[in-house]
Amino acid sequence: MDNKLKNQISRVVTQWADWVGKELADSQNSHQTIHKIFVMMGRNIEAQISQDIKKMTDHKPACYAGCHWCCFGRVVCTPIEAIALAMHIQHGSQENKGTLVMALEKHIKGIEGKNDPWANGLSCPFLRNKRCAIYDFRPMACRGLMSPDANECKLAARALKKGKKRDVPYYPLFTHFQSAVQSGVMVASRDMGFDWRPTELTQAVWLSLQQDDPVQDWFSGKEFLAPAHVEFDESNLVGEVENDGRRWQK
Ligand code: SF4
Ligand code: SF4
């Protein structure tokens, strides 16, 4: 990564840590704050991808609506993303909530006690009829993963089903920016004394749905997401964006 890009990405981390820290410190309504941070993360990542990065490069993602070969792996997200998504499910229509909760419950039972449930590819419980059922609320890792070749993604997903590894070609630049936003959010969460650790999406959403008020619990410093935490070295928190950006990916 060249120095200009490194500096640009570091600026994103710092700006996000500052903004989120202020939002958390000044919060008058914890639910609105979590929702706002989540929405702004998604908007910012998509704006950077569609405006800044595309201007900087000739990257042409092959991603299209209905392409879903990247939806068979583990997704890692920040606690704020998981809690915001759980709130979205909780407050959605009863029909939608029922379907999503049932799919999630089945998925959680299926992965229980397994060492690496994703080893042979496991469909994301939010994938319905080849579409993401939570598209507007999808986690940041799903927004940042973009490939130049959908067919390669398909071959990688098929290989995974057979327990074989096949690299998915993806644009690291998009994931660098997505990781920078997430890093900023986690730095602010950590510095405010809240649970900031990266979590596995499905377990974290499920655990959030088990709380009466996950937002309030998170704001009071409870670590109810601990069982969903993924292994992570804190010293990599900000430096993470300087490697290949993979840690935050599926
Ligand atoms: S990353 Fe690959 S599988 Fe996912 S939407 Fe893009 S082209 Fe399709
Ligand atoms: S949340 Fe949506 S986009 Fe992300 S892996 Fe699941 S189905 Fe795919």
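Each residue of the sequence shown is one higher than the one before, starting from 926 at the first, in my numbering. Ideal Cβ placement from N, Cα and C applies to all residues, glycine included. All values reported here derive from a predicted model rather than from experimental measurement.
Less than 7 Å separating the Cβ of residue i from some heavy atom of ligand 2?
i: Arg1083; result: no
i: Val1000; result: yes
i: Arg1063; result: yes
i: Cys1067; result: yes
i: Leu1029; result: no
i: His993; result: yes
i: Cys996; result: yes
i: Phe1051; result: yes
Ligand 1 heavy atoms versus the CB of residue i: any closer than 7 Å?
i: Trp1043; result: no
i: Ala987; result: yes
i: Ser975; result: no
i: Ala1075; result: yes
Would you list the residues sitting across from residue i in a DSSP beta bridge?
i: Thr1024; result: Looking at the DSSP assignment, Thr1024 forms no beta bridge with any residue, so it has no partner.
i: Arg1053; result: Arg1056
i: Glu1125; result: Val1001
i: His1154; result: Thr1124
Does any residue of chain C bring its CB to less than 8 Å from the CB of residue i?
i: Met1117; result: In the displayed structure, chain C is absent; only one protein chain is listed.
Tell me whether residue i is buried or exposed, calling it buried when 16 or more other Cβ atoms sit within 10 Å of its Cβ.
i: Gly1170; result: In this prediction, Gly1170 has a pLDDT of 37, which is less than 50 and means its spatial position is unreliable; what the coordinates show is noted afterwards. Its Cβ being crowded by 16 or more others within 10 Å, Gly1170 is buried.
i: Ser982; result: The sequence given here places Thr at residue 982; Ser does not occur at that position. The residue is exposed, with fewer than 16 neighbouring Cβ atoms inside 10 Å.
i: Gly1164; result: Residue placement at Gly1164 is poorly supported in this model, since its pLDDT is 47, which falls under 50; the coordinates still yield a value, given next. Exposed, because fewer than 16 other Cβ atoms sit within 10 Å of the Cβ of Gly1164.
i: Val938; result: buried
i: Pro1152; result: exposed
i: Asp1120; result: buried
i: His1016; result: exposed
i: Arg968; result: exposed
Do residue i and residue j have their C-beta atoms closer together than 8 Å?
i: Val1110; j: Ile959; result: no
i: Phe902; j: Ile1005; result: The chain is shown only over 926 to 1175; residue 902 falls outside these bounds and no answer can be derived.
i: Ile1036; j: Leu1025; result: no
i: Ile1033; j: Trp1131; result: yes
i: Thr1127; j: Val1155; result: no
i: Ser1072; j: Pro1097; result: no
i: His995; j: Leu930; result: Sequence check: residue 995 is Cys here, not His. It is not a contact, given that the beta carbons lie outside the stated cut-off.
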